[in-house]
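**Q** Per the UniProt record's numbering: the sequence shown = residues 29 to 477.
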Amino acid sequence: VFLENNNRAYYAGNGGNGDMLPQRLIGNALRERVENIDHETCDAGDEDTFFVADLGDVYRQHMRWKLNLPRVKPFYAVKCNPDPKVIELLSALGTGFDCASKAEIEQVLNMGVDPARIIYAQPCKTNSYVRYVAAKGVKQMTFDNSDELRKIARLYPEAELYLRILTDDSSSLCRLSQKFGASLDSTDSLLSLARQLGLNVVGVSFHVGSGASDPLAFLKAVQDAHFVFQQAASYGFDLKTLDVGGGFFHDDSFEQMSGVLRKALDEYFPAHTGINLIAEPGRFYVASAFTIACNVIARRTLEDPNINMNVDPADSTSTLVNRGETSYMLYVNDGLYGNFSSIMFDHQQPIAKVLRAGGRTMYNTRAADAVEGQQGIQYSIWGPTCDGIDRITESIRFDSLLDVGDWLYFEDMGAYTKCSATKFNGFSADHDVIYVCSEPGAKALLGMA
Ligand code: PLP
C-alpha cells in the first residue's frame, strides 16, 4: 500500500500485492486506516474523510481504451481529477493532457510533460493565460468564435487551432453546447476570418457532453467534423487532426459507445488519410478508481415518522419510511459542499456502503449491507455543513444500526468530486489519498514496490 499524506509519500504494509483482488486491496486500505483511529481521543480532523485510489484501475482503463479505440490518442481531461499520481501514471503511459487553465497546464508541464502533449481545450481563454502558453510553447488550443480568433491573432498568432463545433448533447449528464461550440452555420465565416488573420487552423474538435448516453451523438458529430474538414480545405487549410472530445462513461456503455465512434471514424476518417485522431476523456479514466470513506459524526433518531423530515405527513403513500418505524438521520463529515459536489454539479447519485472495521464488524468485500425494499433500518445521509441542501442520500436501508464513529464508503468517486470541493463552513477540501495499485504494470511505471 502506497500512502500519501500531506504531500508526503510513503509505502505501508502489503508491498507487492499486484495479485490481490482490487476490491480486497481497497478494502484492506480502508480498514487499515480507520482501525488506526481512536474516535474517543483522536485530534480534530484525524477522522476526516479520505480517499483510496487504485492506480491499477486507471491503468486497466487505459488498456481498455487502447483495445476499443486503438487509433485515438487520449488527452486526459485534467479538470476531471488533477490527482498528481494519476497524472504521473498517465504521463508514463504516454497519454496527452487536455487542460483548461494556467494552473492545469503548469501542473502538467511541471511533471516534465512535453508541451506538444497538451491541448488548451478552452474555447474562451484568459488573455494572460494565452501569453503564458505562448511563452511555454503549448501551441494547441481550441476556438469557436470570432472574438477569440482576434484575441489569438493578437496574442499568439503561431498557435495551432482547433475549431470546436456544436454537437447534439441532449443525451448527456452535463450539457456543454449551450456554452461552447460553433454551429455549422458559422464555421464557414470563422474559417474565412482565420484565413484573413493569417492563423493556423490545424483541426476540428467537438464534445458530445459529459456523461453522454447516445452513441449516435458521436456519429453525427464525426459527420459534421468531416464536413468542416472539407470546408476548411476550400480555404486552403490542410487539417491534420480530429479531436473527438470526452463524454465516455466508465461502465459497460463504453464498449457500445466506442464501437459506434470507431466505425464512424473508420468511415469518415479512414487510416489511409493520415488524419490524427485524439480525444479528451476525463471520467472514463478515473471515476471507478477512487473510493471515499466518510465518518458518521452525528445521528438523529426520528421516532415519530409524522414529524420525519423525510416523509410528507399528508402523503399516506410515501414508501420511504414505514409508519411507526424508527428511522435515523446520519450526519457524515463530507457532503455537497465537499467531495460530494458531484451530486450538484455532475448529477451523480453516490451509493453508501457500510465499512465494516474497527472491531465492530468485519469489512465485507461483497459489501452487501444495503437492504432492498422495506427491510432493515432506514437512514437518510447528510453532510456536515449548516445548509439544508447538504444531503447525500434521501433514503437508504442497512441491515445494521449505525452510530457515531461508524464509517461509510462510496465507490466510483473519482470524477468531478475532489476537484470541485469547497471549504464552506471551514471544512477541509483537501483530503488524504491512500494509493494502492492492483496492476503490476502500473506499479512498475510508478516505481512502486
Ligand atoms: N474536454 C472538455 C472541453 C470538457 O469540457 C470536458 C468536460 O467537461 C472534458 C473534455 C471531459 O469530459 P468527460 O469527463 O465527460 O470525458
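Backbone N, C-alpha and C fix where the C-beta goes; we use that ideal spot for every residue, glycine too. Since we're looking at a predicted model, the values are computed, not measured.
May I have the straight-line CA-CA distance separating R450 from A57, to the nearest angstrom?
**A** For the sequence presented, residue 450 should be read as Thr rather than Arg. Roughly 26 Å separates the two Cα atoms.
**Q** Using the rule of at least 16 other Cβ atoms within 10 Å of the residue's Cβ for burial, across every protein chain shown, is P151 buried or exposed?
**A** Answer is buried; the Cβ neighbour count reaches 16.
**Q** Determine the direct distance from the alpha carbon of A144 to that of F426, and round the result to whole angstroms.
**A** Going by the C-alpha atoms only, they are around 51 Å apart.
**Q** Below 8 Å on the Cβ atoms is my contact criterion, and I expect N228 with E186 to pass it. Report the Cβ-Cβ distance as a whole number of Å.
**A** About 7 Å; that satisfies the 8 Å criterion.
**Q** Are L212 and F246 closer than 8 Å when you measure CB to CB?
**A** Not in contact: L212 and F246 (Cβ atoms no closer than 8 Å).
**Q** With burial defined as no fewer than 16 other Cβ atoms inside 10 Å of the residue's Cβ, what is the status of A385: buried or exposed?
**A** When all chains shown are included, A385 counts as buried.
**Q** Could you name the residues of the same chain whose beta carbon sits closer than 8 Å to that of C447, not counting the 5 residues immediately before and after it, in chain order?
**A** Closer than 8 Å at Cβ, skipping near neighbours: K107, C108, N109 and P110.
**Q** What does the Cβ neighbour count give for G475, buried or exposed, with the cut at 16 atoms within 10 Å?
**A** Burial call: exposed.
**Q** Less than 7 Å between the CB of L204 and some heavy atom of the ligand PLP, yes or no?
**A** Answer for L204: yes, Cβ within range of the ligand PLP.
**Q** Spatial neighbours of L244 within its chain, please: C-beta separation below 8 Å, excluding the five flanking residues on both sides.
**A** V288, listed in sequence order.
**Q** How big is the Cα-Cα spacing for residue 12 and Y356?
**A** The displayed coordinates of the chain run from 29 to 477. Any statement about residue 12 would go beyond what the structure contains.
**Q** List the whole-angstrom C-beta distance separating A163 from L183, where the pair is believed to meet the contact cut-off of C-beta under 8 Å.
**A** About 11 Å; that fails the 8 Å criterion.
**Q** Taking only the alpha-carbon atoms, compute the straight-line gap between G404 and K381 and give it to the nearest angstrom.
**A** Distance between the alpha carbons of G404 and K381: 14 Å.
**Q** Here's the rule I'm using: 16 or more other beta-carbon atoms within 10 Å means buried, otherwise exposed. How should G264 be labelled?
**A** When all chains shown are included, G264 counts as exposed.
**Q** Under 7 Å: does the beta carbon of P110 sit that close to some heavy atom of the ligand COA?
**A** You won't find the ligand COA in this model; what it holds is the ligand PLP.
**Q** Can you list, in chain order, the residues of its chain whose CB lies under 8 Å from that of residue 24, leaving out five sequence neighbours each side?
**A** With the chain covering 29 to 477 only, the question about residue 24 has no answer from this structure.
**Q** Return yes when at least one heavy atom of the ligand PLP lies under 7 Å from the C-beta of E283, else no.
**A** The answer is no for E283.
**Q** Quick check on A307: does DSSP put it in helix, strand or coil?
**A** It is a strand residue.
**Q** Per DSSP, P185 is paired with what?
**A** The partner list for P185 (beta bridge, DSSP) is empty, contrary to what the question assumes.
**Q** On the DSSP bridge assignment, give the partners of R328 in chain order.
**A** In DSSP, R328 forms a bridge with M357.
**Q** Buried or exposed for I417, please, with buried defined as at least 16 other CB atoms from any protein chain shown within 10 angstroms of its CB.
**A** The residue is exposed, with fewer than 16 neighbouring Cβ atoms inside 10 Å.
**Q** With distances taken from CA atoms, which of V399, D252, S238 and Q168 is nearest F276?
**A** Checking every option, the nearest Cα to that of F276 belongs to S238.
**Q** DSSP three-state call for A128: helix, strand or coil?
**A** Of the three classes helix, strand and coil, the one that applies to A128 here is coil, per DSSP.
**Q** Check each candidate in Y407, Y365 and D374 and name the one with the smallest Cα separation from E353.
**A** The shortest C-alpha separation from E353 is found at Y407.
**Q** Would you say the stretch 290–309 touches the stretch 57–71, given that touching needs at least three Cβ pairs under 8 Å?
**A** No, the stretch 290–309 is not in contact with the stretch 57–71.
**Q** Quick check: does the Cβ of G302 come within less than 7 Å of any heavy atom belonging to the ligand PLP?
**A** Checking the Cβ of G302 against the ligand PLP gives no.
**Q** Is it a yes or a no for the stretch 121–131 touching the stretch 282–302, going by three-plus beta-carbon pairs under 8 Å?
**A** No contact exists between the stretch 121–131 and the stretch 282–302.
**Q** If I measure Cβ to Cβ from Y437 and keep anything under 7 Å in the same chain, skipping five residues before and after, which residues do I get?
**A** L58, T319, I320, A321, K381 and L383.
**Q** What is the rounded straight-line gap between the Cα of I379 and the Cα of A240?
**A** Computed Cα separation, rounded: 21 Å.
**Q** Evaluate A477 with the Cβ neighbour count: other Cβ atoms within 10 Å of its Cβ, from every protein chain shown; 16 or more gives buried, anything less gives exposed.
**A** Per the 10 Å Cβ criterion, exposed.
**Q** Looking at L191 and V232, is the spacing between their C-beta atoms short of 8 Å?
**A** Taking 8 Å as the Cβ cut-off, V232 and L191 qualify as a contacting pair.
**Q** Is the closest heavy atom of the ligand PLP to the C-beta of H254 under 7 Å?
**A** No.
**Q** Tell me the DSSP secondary structure of N138 in three-state form.
**A** Three-state DSSP puts N138 in a helix.
**Q** For P468 and M285, what's the separation of their Cα atoms in angstroms?
**A** Taking the straight line from one Cα to the other gives about 29 Å.
**Q** Using the Cβ count rule (16 or more neighbours within 10 Å means buried), how would you classify R311?
**A** R311 comes out buried.
**Q** Can you tell which of K207, F103, A326 and H375 has its C-alpha closest to the C-alpha of L358?
**A** Ranking the options by Cα distance to L358, first place goes to A326.
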